[in-house]
Amino acid sequence: MSRIATIRKQIDPIAQLMQEHDLALVHLAALNRETQSIAEKGFSREAYERILSAVEFIEDEVSVHNKSEEEALFPVLERYVEGPTKLMRDDHKVLKREFVRLRRAVNKVGKERKNKRAAQDLATISKTIVQRFVNHIHKENHILFPLVQKFLTKDALREVARRML
49 MSRIATIRKQ IDPIAQLMQE HDLALVHLAA LNRETQSIAE KGFSREAYER
99 ILSAVEFIED EVSVHNKSEE EALFPVLERY VEGPTKLMRD DHKVLKREFV
149 RLRRAVNKVG KERKNKRAAQ DLATISKTIV QRFVNHIHKE NHILFPLVQK
199 FLTKDALREV ARRML
């Protein structure tokens with residue numbers, strides 16, 4: 049069972065999404081730290097493995113998280129307001145495109161371990177995507193989710209929770 053599936057056994061969908069954000073932030077911090085390490089100190093198998101772990105988390109778990117927001121939370125919230133969900137959907141699209149760049153850069157460093165330029169590029173791309181993810185999470189945690197809690201009834205939140213399963 050995935051980490052996100054374990055979190056989803058809870059009842060409050062907003063608390064679940066926020067816990068998933070917390071977990072994502074841990075992996076994003078590791079990604080940032082380890083890509084900087086490779087850029088500054090050169091390739092190390094340990095740092096590269098931690099980068100791969102973070103990238104796999106983003107690829108697997110964050111895609112599930114975003115799908116839940118887009119298919120479970122946003123449609124219910126859009127009964128009340130649309131602007132914030134459009135912004136979040138747009139963020140998801142940008143992050144997905146940036147992730148493709150990140151994945152290519154990680155693969156290049158894995159193949160060209162002595163290429164300092166590739167390591168620098170990876171660190172730059174990583175820093176950009178981490179900043180975007182952190183900003184996105186901040187917007188959801190501090191703007192979108194309080195809006196959800198203000199507008200959605202308990203029945204609507206239960207519907208979101210059911211849709212997330």
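FYI, in our numbering the residues of the sequence shown are 49 to 213. We put the CB at the ideal spot given by N, CA and C, even for glycine.
Compute the Euclidean distance between the alpha carbons of residue i and residue j, then round it to the nearest angstrom.
{"i": "Gln179", "j": "Tyr96", "result": "20 Å"}
{"i": "Pro194", "j": "Phe91", "result": "43 Å"}
{"i": "Arg165", "j": "Arg81", "result": "18 Å"}
{"i": "Met136", "j": "Ala63", "result": "18 Å"}
{"i": "Leu65", "j": "Lys162", "result": "39 Å"}
{"i": "Leu205", "j": "Thr176", "result": "33 Å"}
{"i": "Gln197", "j": "Asn183", "result": "20 Å"}
{"i": "Arg93", "j": "Lys156", "result": "14 Å"}
{"i": "Pro123", "j": "Phe199", "result": "13 Å"}
{"i": "Asp169", "j": "Ser85", "result": "13 Å"}
{"i": "His113", "j": "Leu125", "result": "16 Å"}
{"i": "Ile55", "j": "Asp108", "result": "Here the model assigns Ile55 a pLDDT of 47, short of 50, so the residue's position is not dependable, and the following value carries that caveat. Straight-line Cα distance between these residues: approximately 15 Å."}
{"i": "Val208", "j": "Lys89", "result": "46 Å"}
{"i": "Leu121", "j": "Phe147", "result": "23 Å"}
{"i": "Ala167", "j": "Asp70", "result": "27 Å"}
Mapping DSSP to helix, strand and coil, what is residue i?
{"i": "Arg81", "result": "helix"}
{"i": "Glu107", "result": "helix"}
{"i": "Lys187", "result": "helix"}
{"i": "Val129", "result": "coil"}
{"i": "Gly90", "result": "coil"}
{"i": "Arg161", "result": "coil"}
{"i": "Thr201", "result": "coil"}
What whole-angstrom Cβ distance do residue i and residue j have, given they're in contact under 8 Å?
{"i": "Ala87", "j": "Ala171", "result": "4 Å"}
{"i": "Met212", "j": "Ser116", "result": "5 Å"}
{"i": "Arg145", "j": "Ile173", "result": "That pair is no contact at about 12 Å."}
Hey, is residue i's beta-carbon within less than 8 Å of any beta-carbon in chain B?
{"i": "His140", "result": "Judged by its chain identifiers, the structure shown contains no chain B, having just a single protein chain."}
Touch test, the region 69–82 against the region 97–109, Cβ-Cβ under 8 Å, three pairs minimum | yes
Is the region 127–142 close to the region 151–161, with three or more CB pairs under 8 Å?
-> no
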